[in-house]
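**Student:**
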Amino acid sequence: MGFLFEDGNFALFRDGFLQTIVLSALSALLALLLGTLLAAFRVSPIPALRAFGTAWVTVFRNTPLTVLFFAVTFGLPALGVHFDHLTFAVLALGGYTAAFVCEVLRSGINTVPVGQAEAARSLGLTFGQTLTQVVLPQAARAVLAPMSSVFIALPRNSAIAGAFSVSELYSVQQGFSDGDGISIFAIFFWVACAYLLISATVSLLFRFLESRLAVAR
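The sequence shown lines up with residues 5 to 221 when you count with the numbering used here.
This is the structure in structure tokens:
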């Protein structure tokens, strides 16, 4: 398995690893922001916003991620929207993950007693103020465990970006396999270890947040 430390191999692996981290981090940020907005839409008193949130979740949760990558990578340029391959990958992966973030947050919102929202409205808070200052903080703390599963899966889902000209971690195995005498097992062993490291780091981050933000029962 020492092929990783041969000339050129480590640099290729390192660049793919860093690209995966960048892609995952940007996609996670987009998913968190967009998913929170969609969750607000889904509990909004405005029918048009509820319909939009429901439609987004229904479409993105029930469409294969590969199809979404195709739609974003080839559909947006046909509409005159041009970005680099990494940006297209972030839009596809972030939009897809946002649907799951939305549903996790919405389940957390449903755990907050209705009386708290009614009390907030009786004090003169608007729907937006009630949601952001009273409901969402409690909902987010209640759903840290299921939310961690969403973000742990995100780096693995990013492997699809390799088929769309993004030089991320999984795609480096193609570069390795083009060389002579390199074991396929060794290639996938190091790639799997890298994904495991990323997933373990995300898991530890959420465990830390759970311990710091645990709700007393």
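Heads up, the beta-carbon is just placed ideally off N, CA and C, and yes, glycines get one too.
1) Determine, using beta carbons only, whether V229 and F64 come nearer to each other than 7 Å.
2) Short of 6 Å in beta carbon distance, which residues of its chain neighbour R110, apart from the five on each side in sequence? Order them along the chain.
3) Helix, strand or coil for L27? Go by DSSP, reduced to three states.
4) Helix, strand or coil: which one does DSSP assign to L72?
5) Would F152 be called buried (16 or more neighbouring beta carbons within 10 Å of its own) or exposed?
6) Which one of R216, V195, S207 and E214 has the shortest CA to CA distance from R18?
7) Below 8 Å on the Cβ atoms is my contact criterion, and I expect V139 with V116 to pass it. Report the Cβ-Cβ distance as a whole number of Å.
8) Between the stretch 52-72 and the stretch 140-159, can you find at least three pairs of beta-carbon atoms closer than 8 Å?
9) Would you mind working out which of L148, R125 and G99 sits nearest A32, comparing C-alpha positions?
10) Between which two residues does the alpha helix (DSSP H) harbouring N161 extend?
11) The alpha helix (DSSP H) that contains L95, what's its start and end?
12) So, with DSSP's three-state summary, where would you put L41?
13) Out of A15, V94 and A29, point me to the one whose CA is closest to T205's CA.
14) Using only the alpha-carbon positions, how far apart do R125 and Q137 sit?
15) Along the alpha helix (DSSP H) that carries G119, what are the first and last residues, could you check?
16) How is the alpha helix (DSSP H) around A59 delimited, first residue to last?
17) Apply the 10 Å Cβ neighbour rule to L83 and answer buried if 16 or more other Cβ atoms are within range, or exposed otherwise.
18) Could you tell me the distance, in whole angstroms, from the CA atom of L217 to the CA atom of L97?
19) Report, in whole angstroms, the separation of the C-beta atoms of A144 and G112, which I expect to be a contact under 8 Å.
20) Measure the beta-carbon distance from L36 to V105 and round it to whole angstroms, keeping in mind my assumption that it falls under 8 Å.
21) If you compare alpha carbons, which of A103, V94 and A157 is closest to E170?
**Tutor:** Let me lay it out:
1) Summary: the structure shown does not reach residue 229, with the chain confined to residues 5 through 221, and so no result is reported for it.
2) A43 and R46
3) helix
4) helix
5) A small correction: the amino acid at residue 152 is Ser; Phe does not occupy that position in the sequence shown. S152 comes out buried.
6) V195
7) 5 Å
8) no
9) G99
10) L148 to N161
11) H89 to I113
12) helix
13) A29
14) 12 Å
15) V118 to S126
16) P51 to R65
17) exposed
18) 28 Å
19) 6 Å
20) 6 Å
21) According to the sequence provided, residue 170 is Val. The question's Glu does not apply to it. Considering only alpha carbons, the answer is V94.
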